[in-house]
Every structure is written in structure tokens, then in C-alpha cells.
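Structure first, then comments.
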Amino acid sequence: MAGSLIKIDEEIVTSAVASVTLGGANWDSSYDVYMVTINNVISTTNARILYARILKNDNTADSTANYDRAFKVLRTDTTFTNASSTNQTEFGVEDLGTATGESANGIFYLYNFNNASEYNFCTFELTNFDQAARLIGGQGGFVHTVSQNAKGLEFHMEASDTIASGTFTLFGLKK
Amino acid sequence: MGNLEFIKSASGTSVSSLSVTDCFSADYDVYEVFIPTDDLSSTVDTRFRLLDSGGSEVTATSYDIATLTLRAGASFAEERLTSQDHFRSLTAGNNTTVGVGILLRIFNPYDSGSYTFSMWQSSFKQETLGYLEGRKSIGVLKQSAQHTGLSFYNGSGTLDSFEVSVYGVK
Chain W
1 MAGSLIKIDE EIVTSAVASV TLGGANWDSS YDVYMVTINN VISTTNARIL
51 YARILKNDNT ADSTANYDRA FKVLRTDTTF TNASSTNQTE FGVEDLGTAT
101 GESANGIFYL YNFNNASEYN FCTFELTNFD QAARLIGGQG GFVHTVSQNA
151 KGLEFHMEAS DTIASGTFTL FGLKK
Chain E
176 MGNLEFIKSA SGTSVSSLSV TDCFSADYDV YEVFIPTDDL SSTVDTRFRL
226 LDSGGSEVTA TSYDIATLTL RAGASFAEER LTSQDHFRSL TAGNNTTVGV
276 GILLRIFNPY DSGSYTFSMW QSSFKQETLG YLEGRKSIGV LKQSAQHTGL
326 SFYNGSGTLD SFEVSVYGVK
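So the protein lines, in turn, are chains W and E. For the first sequence, counting from 1, position 131 maps to 131 in this note's numbering; every step adds exactly one. If you want this note's numbering, it's the position in the second sequence, counting the first as 1, plus 175.
What follows is the structure, encoded as C-alpha cells:
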């Protein structure tokens, strides 16, 4: 019997790319809730932030200053911190490095992406080994404060650098 | 077609440890592990280790953990540990039958070229203090090696009634 976690799109990066889009032309609007997994995502250049943006209805990333975020940062090197900001142009996932083991891993849940009268919400949990060789990860959410349909997520690196490798997968939660 | 695919489960009664062998493979990168524990034998935290390609526990001091403890009856607390020989603080233990629930996620355990990452969350009654407590944790095993399974144990005492089910995300 088919299950209820339906794979919609997957991008396996094995050579450097400027960005990864999940959904877009492959978006399936059949679902109310979507799950995105990222695993073993590595930057080409040391000390570069991995960013995420909402894919708009035209399959392009939304770079308008409408991203609000709030999350708890769990880390091994110092006291946990609260991270929050409003009206950003993107969501920063993690500051990545290139040394052994340094990578980003996590799960995102996407809400209201097919509802043109609501904002696009996302909750996430991340577990990463960052550019300072420390365990660090956010637990929280972000919202894109525009009422619009959306068609997935786009991931890219800071300063037009590239993603060296990683696996990005989009699922729909079937009812 | 994707799915959350059941791989295997294991359970034990009054055991010092419980291993789930050969539950990781090249078929999956991400795993979800559900632990609807019923009963432990002490109020010491529940712990786990990865199993190496030969099925032995990885006891190297290469585990890092960051845990936020959420408490219904007291201030939240933080735990930051590096270079441990296990992942710890799944729960604070439980010596009654009121139960515990744990969701554990594992990333890249079978990939010999990457570190193995984990995250878990749990909800249980803090028996010593008598209120609801929960854990939100992240962890990394700083070892680029192939891992094939998990082994659970308590800081002291036995796992009196412990059940583990492993699913692959595909």
C-alpha cells in the first residue's frame, strides 16, 4: 500500500551549483503540508552561509524583504541564543565550512504554500557542523509575509558562491 | 514515489541495553526512530550509541551534544557536551509506568564519507521533580565511517520495557 509521504522532487548535488530549486516546475499543489529534508550539504567556499528563499508562482525565488524568522540556536560552544529578525530578503540556514565533517542537515515543514490568501510559513529543525567545527542547529520557524501561492524552496550560498554537494528532497503529506 | 518506510523494530524487557542492528543501509539518508518507551528502571538519563560496520558499539569520544530541556515546573536548562563516548539525555529516566515518548532522527549514518548527525525530542514526566519535561537536542558523531545500527541503554539500571522502531525516509 502506498504511504502518505510522497516524494515530489529531489536534487542530488555532486558538483558545484549556484542554487538548488525544490518544487518549481515540479511542484504538486495537491498537499496542505510539505516536508523538505536536506542532508550532507557542503559549501564550495569556507565560511559561507546557506540561504533559503520561497519559490514564487513563476518558479523564481522571492527576494523581497518579507522574511521574518525566530528560532532557538542550540550549540556546543556557548550559551544557547535566540535568533530573530524581520523583513529580511532570505532565510539563513547555516554558516558552512569546507573542513572534514562540516555540513548542514535538517528538516523543514512548509505550510500554506497553495493558499493565495495566507502567508507562507515554515518550521525547521537543523543539526549542523559549521565553519568553526562546532555542533550548532536552529529550532524554530520563518514566515514570508506576503499572501501568495508558492511552489517550493530555493537554496543558494552567500556571495554568489556555490553548493559543492548535498541532497535536497521535497515530499508532500498525503491526507 | 517516496515514503516513510518501516525498516525494523526491537524491544526488550529488563535489559541492560537494546541494540537495533543492521537498520541503516545505502537505501536511505534520513531515518526516523520512534521510541514509545513504557518503563525504565532508574531516573538516570537514557543514552545511545551508533553501531559500526561490524555491529559493535562506537565508544570513541567523538560524540557532541547540545540539549535544551523544557520544564513545566522550572526554568528551562541547557546542556552542552563535546567529546563524549555516547549521545545522552534522551530522557531524564523514568522509574514508573507513566511512559515516555521519543522521536529521534539520524542523518547520513551509512555514508562512510560524512559525519553522522542526529536530533531528538522527547516528552516525559520528570519523576524526581514531578512535572512534565521535554528535550530538544542535536548531536554529531565526528567520525566519517559507516554505521549500521543503534544501541540504547540507561546511565544506570535497566530498560524495563523499551521499544524502538526505525523508519527510512525515501
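Here a beta-carbon is modelled for each residue, glycine too, at the ideal position from N, C-alpha and C.
- Listed along chain W, the residues sitting closer than 7 Å to E/Glu253 by beta-carbon distance are Thr79 and Phe80.
- Using a Cβ distance threshold of 8 Å, W/Ser43 and W/Thr98 count as a contacting pair.
- For W/Gly24, the secondary structure class from DSSP, reduced to helix, strand or coil, is helix.
- A residue is called buried once 16 or more other Cβ atoms fall within 10 Å of its Cβ, and W/Lys151 is buried on that count.
- For W/His144, the pairing in a beta bridge is given by DSSP as W/Tyr67 and W/Asn120.
- Judged by their CB atoms, W/Asp62 and W/His156 are not nearer to each other than the 8 Å cut-off.
- Shortest Cα-Cα distance from E/Ser200 to any of E/Ser289, E/Ala267, E/Tyr285 and E/Lys317 involves E/Tyr285.
- Under DSSP, W/Gln139 shares a beta bridge with W/Lys72 and W/Glu125.
- The beta strand (DSSP E) runs lying completely inside the segment 229-279 of chain E and spanning 3 residues or more are 238-246 and 252-259, given in chain order.
- Distance from the CA atom of E/Ser184 to the CA atom of E/Gln301, rounded to whole angstroms, is 26 Å.
- Exclusion of the five residues before and after W/Ala25 leaves Asn59 as the residues of its chain whose Cβ lies within less than 7 Å of its Cβ.
- DSSP, read as helix, strand or coil, puts E/Ala185 in strand.
- E/Glu308 carries a strand assignment under DSSP once its states are collapsed to helix, strand and coil.
- In this structure, the alpha-carbon of E/Gly248 lies about 15 Å from that of E/Ala267.
- A Cβ-Cβ distance of about 30 Å is found for the pair W/Asn66 and W/Asn46, leaving them out of contact under the 8 Å criterion.
- Contact of E/Arg224 with chain W is not assigned, every C-beta pair being separated by 8 Å or more.
- Within 9 Å of the CB of W/Lys72, the CB atoms of chain E belong to Leu243 and Lys311, in sequence order along the chain.
- Between E/Arg224 and E/Ser189, the alpha-carbon positions lie close to 19 Å from each other.
- Closer than 9 Å at the C-beta level to chain W, one finds these residues of the segment 273-302 of chain E: Arg280, Phe282, Asn283, Asp286, Gly288, Ser289, Tyr290, Phe292, Ser293, Met294 and Gln296.
- For the segment 313-331 of chain E, the residues whose beta carbon sits under 9 Å from a beta carbon of chain W are, in order, Ile313, Gly314, Val315, Lys317, Gln318 and Ser319.
- E/Tyr203: not part of any beta strand (DSSP E); DSSP gives it neither H nor E.
- Nearest C-alpha to W/Ile12 among W/Val33, W/Thr169, W/Gly106 and W/Leu173: W/Thr169.
- Using a Cβ-Cβ cut-off of 8 Å, E/Asp202 does not count as an interface residue toward chain W, since no Cβ of chain W sits closer than that to its own.
- In terms of CA proximity to W/Ser103, W/Thr127 leads the group W/Tyr109, W/Gly92 and W/Thr127.
- Classified as exposed, E/Gly229 has fewer than 16 neighbouring CB atoms from the shown chains inside 10 Å of its CB.
- Between the alpha carbons of E/Phe262 and E/Ile210 lies a gap of roughly 15 Å.
- Using a Cβ-Cβ cut-off of 8 Å, W/Gly141 is close to nothing in chain E; its nearest Cβ partner there is about 14 Å away.
- Here DSSP, grouped into helix, strand and coil, assigns E/Ser289 to coil.
- Counting the other CB atoms within 10 Å of its CB gives E/Val339 a total of 16 or more, which places it among the buried residues.
- Excluding the 5 residues flanking it on each side, W/Ser84 has same chain C-beta neighbours closer than 7 Å at Arg69 and Ala70, in chain order.
- By the Cβ rule, the segment 307-316 of chain E counts as touching the segment 123-143 of chain W, because three or more pairs are nearer than 8 Å.
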